[in-house]
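Beneath this line is the structure, given in structure tokens, with notes to follow.
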Amino acid sequence: MMPHTPSSVVKPASGEGVMPMLISRDGTDSHNISADVVWERVSAESRFKRLYRYQQQAFKNRLEIGWDDIVRPLSLLYGERDDFADCVTRFVMIAADAFAIRPKALQDLDQRRILQPDWISRPDRTGYIAYTDRFAGDLNGVVDKIPYLNELDINLLHLMPLLKPRDGANDGGYAVADYRAIDPHLGTMADFEHLTEQLRANDISLMIDFVCNHTADDHEWAQRARAGEKAYQDYYFMFSERTLPDQYEQTLRIIFPESKQGNFIFDESSQKWVWSTFYPYQWDLNYHNPQVFIEMLDAMLYLANKGVEILRMDAVAFMWKEMGTSCESLPQAHALLQAFRALTKLVAPGLLLLAEAILSPKDVVPYFGVGAAAGKECELAYHNSLMVLLWSALAERNVRLLTHSLQQLPEMPDNTAWITYVRCHDDIGWAITDENAGALGLNGFWHRSFLSDFYSGQFDGSFARGAVFQYNPENQDRRISGACASLAGLELAIEKHSRYEAELAIGRILLIHNLICAYGGIPLIYMGDELGMLNDYTFQNDPEHADDNRWLHRPKMDWNLAALRNEPHHFAGRIFCSLQQIIAARRGCAALHAQATATPVWTHNDQVFGLLRHSPRGRLLILANFSERMQFIERARLNALGFHGNLFDRLTAQPIQGWRYLYMAPYQVFWLEQA
Ligand code: GLC
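Under numbering that gives the first Met the number 0, think of the first position of the sequence shown as 0, with each following residue one higher.
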């Protein structure tokens with residue numbers, strides 16, 4: 000392998016090393032730049048000069064206070080360039096331009112967020128995730144569905160990719176052709192702004208995807224790169240020969256093994272090898288080029304000024320590449336997020352970033368920031384581990400792995416929160432480490448293999464109906480697709496006309512939803528799961544979806560089923576109304592604030608999961624029976640956990656009976672409080 004060349008040296012803008020790269024060859028201190036100097040440049044701009052004095056002062060304050068957080072990550076990324084000072088100034092100027100046109104309503108929202116910095120940690124935030132077209136037809140349709148969201152007390156809405164995607168196959172919108180235009184099938188930018196206004200009026204924060212790792216191959220930049228424009232070829236990783244790609248490949252994973260062989264595709268028009276981590280039509284951006292950083296920052300701020308409150312930063316782990324590494328979660332990928340965050344705060348202090356890093360906890364927690372950057376990277380991250388472990392415990396009817404693995408979680412900085420979820424639009428990868436499995440005497444490989452068998456319905460006696468996604472013959476990895484209700488047993492129960500099994504399936508669906516509400520952070524309900532919607536096999540008839548079985552769990556909203564949501568005898572009504580109760584009980588419960596510690600505890604019953612929520616706000620002991628049998632916990636154990644005397648269940652507002660034992664029905668959950 001070739002010796003590794005530091006990125007800041009000449010590398011690898013386009014693989015050919017022709018980007019005009021500039022290191023401080025004369026040894027001058029390229030960090031000789033200050034907030035004052037940048038401020039002078041910004042305040043001399045005509046657009047900025049037109050602002051009121053107090054507005055200018057506000058920007059200056061933010062620049063001064065945020066300065067270290069801006070420069071620290073940027074030094075790691077671009078600090079060795081001769082034009083570093085100029086780069087920083089240009090980045091701040093982009094922010095200043097966006098600041099000058101931030102709408103008044105959004106400035107007010109920024110104020111509210113500053114006044115309530117824990118707004119994402121409060122137990123009154125509940126999220127919902129949906130595809131715009133599948134949920135409501137188009138953006139105007141979503142406005143009409145706000146009352147439905149209000150019924151569930153939803154106040155955070157993640158609408159799946161809605162920017163203009165590539166024509167034809169586009170990975171469900173994750174191949175963006177234009178970051179400043181809405182997908183014409185969904186509406187216009189004016190419709191989008193109208194929707195954000197309506198959502199704000201209902202206290203619903205809008206989250207959208209920001210696909211920051213790659214663009215579509217028909218994005219204007221890619222088209223110009225294909226046509227041979229050097230400046231745009233430097234936006235991507237393009238190579239005339241296989242030499243460098245082959246060297247990179249030696250240390251890279253393959254993310255979609257069924258869709259292509261490696262991480263580079265050959266582009267006929269430019270006759271170049273192009274880096275593409277995901278589908279061949281998704282081209283990875285080259286952040287070694289500061290111009291790419293500028294373009295993406297500008298796009299983020301554009302969207303923030305349209306009313307987006309949270310940007311879900313897609314596939315963040317892959318954003319920076321260095322030869323000889325896995326090119327995943329490198330320090331520079333973290334620095335990129337920190338720099339984006341610090342610069343967007345100049346404009347939109349209320350804007351939050353969510354890291355889409357589906358990794359093991361020890362690799363995810365750093366996305367909240369560590370050391371000087373603690374709490375200064377992404378405010379939100381998916382709790383993938385919790386999701387995986389919940390499904391694992393359901394299959395096993397055993398909570399040991401769940402308890403042990405969650406006990407190993409690193410601490411999180413203040414004012415950051417998990418997004419907890421049981422399903423999303425993606426597959427489930429069994430991110431259970433060999434180490435955690437081994438600590439309980441399990442073999443990690445065989446356990447993951449069991450889970451794939453179980454949830455694809457191949458395991459004898461399995462209640463689940465799912466499908467294997469992206470089988471990797473090299474390491475035998477099998478991820479799983481499937482809707483929550485089908486994975487939890489409802490599809491099979493309905494097929495068998497078994498009321499008993501349907502009851503159990505409902506119990507499982509409610510149990511795992513209950514725990515994502517109790518764990519701390521923002522629970523995100525995946526569209527249709529609130530009604531027990533099943534797998535949708537019709538994707539096989541759609542040529543654009545047929546080869547991606549994640550569409551199994553991306554159905555169109557069944558509004559006929561939704562009409563039964565208040566029917567106590569229908570499964571949809573049972574699930575919907577029970578979720579409403581859980582969300583209502585959570586709203587009023589200070590002990591469930593995300594800043595309260597969440598400590599998994601041993602209940603001395605391997606079928607019952609225990610989670611202690613503890614803080615000056617209060618204490619709560621969550622108990623969850625993961626089996627289809629009655630279970631009990633000894634009162635003595637509860638005493639030892641600090642819960643004595645008269646106990647009370649926050650969920651049902653009922654006192655707890657029984658002096659020696661606490662009995663739990665199949666899949667029952669208690670939120671215990673000392674009366
Ligand atoms: C994220 C998305 C996934 C998509 C990938 C590539 O992981 O959640 O659906 O395929 O990024 O953009």
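Cβ atoms here follow ideal geometry from the backbone N, Cα and C, with glycine treated the same way.
**Report entry** Beta carbon of V175 nearer than 7 Å to that of V142
**Finding:** The count along the sequence shown starts at 1 and reaches residue 175 at position 176. The count along the sequence shown starts at 1 and reaches residue 142 at position 143. Not in contact: V175 and V142 (Cβ atoms no closer than 7 Å).
Query raised in the report: Measuring CB to CB, does H603 end up less than 7 Å from R636?
Result: Locating residue 603 in the sequence shown gives position 604, counting from the first residue. Locating residue 636 in the sequence shown gives position 637, counting from the first residue. Contact: yes.
Query raised in the report: Applying the criterion that 16 or more other CB atoms from any shown protein chain within 10 Å of the CB defines a buried residue, is L389 buried or exposed?
Result: For the purposes of this step, residue 389 is taken as residue 390 along the sequence shown, with counting starting at 1. The residue is buried, with at least 16 neighbouring Cβ atoms inside 10 Å.
Query - alpha helix (DSSP H) segments (min. 4 residues) lying fully within the segment 73–150 - result: Assignment of alpha helix (DSSP H) within the segment 73–150, counting only whole runs of 4 or more residues, yields 83–99, 103–114, 131–135, 138–143 and 145–150 in chain order.
Query raised in the report: Would the beta-carbon of C377 fall within 7 Å of that of A394?
Result: Position 378 of the sequence shown, counting from 1, holds the residue named residue 377. Position 395 of the sequence shown, counting from 1, holds the residue named residue 394. The answer is no: Cβ separation not under 7 Å.
Query raised in the report: Helix or strand or just coil, what does DSSP make of S258?
Result: Along the sequence shown, one-based indexing puts residue 258 at 259. S258: coil per DSSP, three-state reduction.
Query - Cβ-based burial, D28 [other Cβ within 10 Å; buried from 16] - result: Against the sequence shown, residue 28 aligns to sequence position 29. Annotation note: pLDDT 44 at D28 (below 50); position unreliable, coordinate value reported separately. Exposed, by the Cβ-count rule.
Query - Exposure of R549, with buried meaning 16 or more beta-carbon neighbours within 10 Å - result: As a position in the sequence shown, residue 549 is number 550, starting the count at 1. The residue in question, R549, is buried, as its Cβ has 16 or more Cβ neighbours within 10 Å.
Requested in this report: Check the C-beta distance from Y235 over to D283 and give it rounded, since I have them as a contact under 8 Å.
Outcome: Position 236 of the sequence shown, counted from the first residue, corresponds to residue 235. Position 284 of the sequence shown, counted from the first residue, corresponds to residue 283. So it is a contact: roughly 7 Å between Cβ atoms.
Query raised in the report: Where does S268 land, buried or exposed, given buried means 16+ other C-beta within 10 angstroms?
Result: The residue you call residue 268 lines up with position 269 of the sequence shown. Per the 10 Å Cβ criterion, exposed.
Query raised in the report: Any idea if L439 is buried or exposed, counting beta-carbon neighbours within 10 angstroms, 16 or more meaning buried?
Result: Position 440 of the sequence shown, counted from the first residue, corresponds to residue 439. Looking at its Cβ environment, which holds fewer than 16 other Cβ atoms inside 10 Å, L439 is exposed.
Query raised in the report: Where does the unbroken alpha helix (DSSP H) through K344 begin, and where does it stop?
Result: Counted from its first residue, the sequence shown places residue 344 at position 345. Its alpha helix (DSSP H) spans residues P330 to V346.
Query raised in the report: Do you know offhand how far I621's Cα is from W670's?
Result: As a first step, residue 621 is located in the sequence shown; it is residue number 622 there, counting from the start. As a first step, residue 670 is located in the sequence shown; it is residue number 671 there, counting from the start. Answer to the nearest angstrom: the Cα atoms are 5 Å apart.
Query raised in the report: Can you list every residue whose CB sits closer than 5 Å to some heavy atom of the ligand GLC, going in chain order?
Result: D170, Y173, F277, D313, A314 and D425
Report task. Taking A356 and Y366 to be in contact with their CB atoms under 8 Å, please state how far apart those CB atoms are, rounded to whole angstroms. Result -> Within the sequence shown, the letter at position 357 stands for residue 356. Within the sequence shown, the letter at position 367 stands for residue 366. Taking a contact as a CB-CB distance under 8 Å, the pair A356 and Y366 counts as one, their CB atoms being some 5 Å apart.
Query raised in the report: Alpha carbon to alpha carbon, how far is G481 from R464?
Result: Here residue 481 is taken as the residue at index 482 of the sequence shown, counted from 1. Here residue 464 is taken as the residue at index 465 of the sequence shown, counted from 1. Taking the CA atoms as reference points, G481 sits about 7 Å from R464.
Requested in this report: Give the DSSP-derived three-state secondary structure of I675 in the structure shown.
Outcome: The requested residue 675 does not occur in the structure, where the chain is confined to residues 0 to 674.
Query - Rounded Cβ spacing between L379 and A416 (contact assumed at less than 8 Å) - result: Reading the sequence shown from its first residue, position 380 is the one you call residue 379. Reading the sequence shown from its first residue, position 417 is the one you call residue 416. Going by Cβ atoms, the distance from L379 to A416 rounds to 6 Å, so yes, they are a contact pair.
Report task. For the segment 268–328, list the alpha helix (DSSP H) runs that are entirely contained and at least 4 residues long, ordered along the chain. Result -> 289–303
Requested in this report: Look up L578 in the DSSP assignment and say whether it is helix, strand or coil.
Outcome: Residue numbering aside, residue 578 sits at position 579 when the sequence shown is read from its first letter. Here L578 sits in helix by DSSP.
Query raised in the report: Ordered along the chain, which non-local residues of its own chain (more than five positions away) have a Cβ less than 7 Å from that of W658?
Result: By 1-based counting over the sequence shown, the position of residue 658 is 659. Around W658: R634.
Requested in this report: Jot down the residue ranges of each uninterrupted beta strand (DSSP E) in the segment 531–614, minimum 3 residues, whole runs only, in chain order.
Outcome: 596–600 and 607–614
Query raised in the report: Should the segment 297–310 be called in touch with the segment 193–200, which here means at least 3 C-beta pairs below 8 Å?
Result: yes
**Report entry** Residue span of the alpha helix (DSSP H) that contains W38, given as start and end
**Finding:** The sequence position of residue 38 within the sequence shown is 39, counting from 1. A34 to S42 is the span of the alpha helix (DSSP H), which, as asked, contains W38.
Query raised in the report: Under three-state DSSP, which class holds T250?
Result: Within the sequence shown, the letter at position 251 stands for residue 250. The answer is coil: DSSP assigns T250 none of H, G, I, E or B.
Query raised in the report: If you draw a straight line from the alpha carbon of S614 to that of D117, how long is it in whole angstroms?
Result: Counted from its first residue, the sequence shown places residue 614 at position 615. Counted from its first residue, the sequence shown places residue 117 at position 118. Distance between the alpha carbons of S614 and D117: 15 Å.
**Report entry** Cα-Cα separation, V315 to I508
**Finding:** Start at 1 with the first residue of the sequence shown, and residue 315 comes out as number 316. Start at 1 with the first residue of the sequence shown, and residue 508 comes out as number 509. C-alpha separation (whole angstroms): 30 Å.
Query raised in the report: Apart from the five residues on each side of it in sequence, which residues of its chain come closer than 6 Å, Cβ to Cβ, to S325?
Result: Working through the sequence shown from its first residue, we reach residue 325 at position 326. Hits under 6 Å: T250.
Query raised in the report: Does DSSP classify W670 as helix, strand or coil?
Result: For the purposes of this step, residue 670 is taken as residue 671 along the sequence shown, with counting starting at 1. The answer is strand: DSSP assigns W670 an E or B state.
Report task. Evaluate the contact criterion for the segment 270–287 versus the segment 124–140: three or more CB pairs, one atom per stretch, below 8 Å. Result -> no
Requested in this report: State the Cα-Cα distance for the pair S706 and R89, rounded to the nearest angstrom.
Outcome: Examination of residue 706 is not possible in this model, given that the chain is present from 0 through 674 alone.
Query raised in the report: Using CA coordinates, which residue listed in D605, R585, Q594 and N285 is at the minimum distance from A652?
Result: Residue numbering aside, residue 652 sits at position 653 when the sequence shown is read from its first letter. It is R585 whose Cα lies nearest to the Cα of A652.
Query raised in the report: When you compare only the Cα positions, how much space is there between F570 and W558?
Result: Counted from its first residue, the sequence shown places residue 570 at position 571. Counted from its first residue, the sequence shown places residue 558 at position 559. Spanning the two alpha carbons is a distance of roughly 15 Å.
Requested in this report: Measuring alpha carbon to alpha carbon, tell me which of C588, Y77, K344 and V421 ends up nearest A57.
Outcome: Within the sequence shown, the letter at position 58 stands for residue 57. A57 has its Cα closest to that of K344, out of C588, Y77, K344 and V421.
Query raised in the report: Count the other CB atoms within 10 Å of the CB of Q270; is the residue buried (16 or more) or exposed (fewer)?
Result: What you label residue 270 is simply residue 271 of the sequence shown in a count that begins at 1. Exposed, by the Cβ-count rule.
Report task. Round the Cβ separation of P554 and R133 to the nearest angstrom and send it over; I've been treating them as touching at under 8 Å. Result -> For the purposes of this step, residue 554 is identified with residue 555 of the sequence shown, where counting begins at 1. For the purposes of this step, residue 133 is identified with residue 134 of the sequence shown, where counting begins at 1. Approximately 7 Å separates the beta-carbon atoms of P554 and R133; this is inside 8 Å, confirming the contact.
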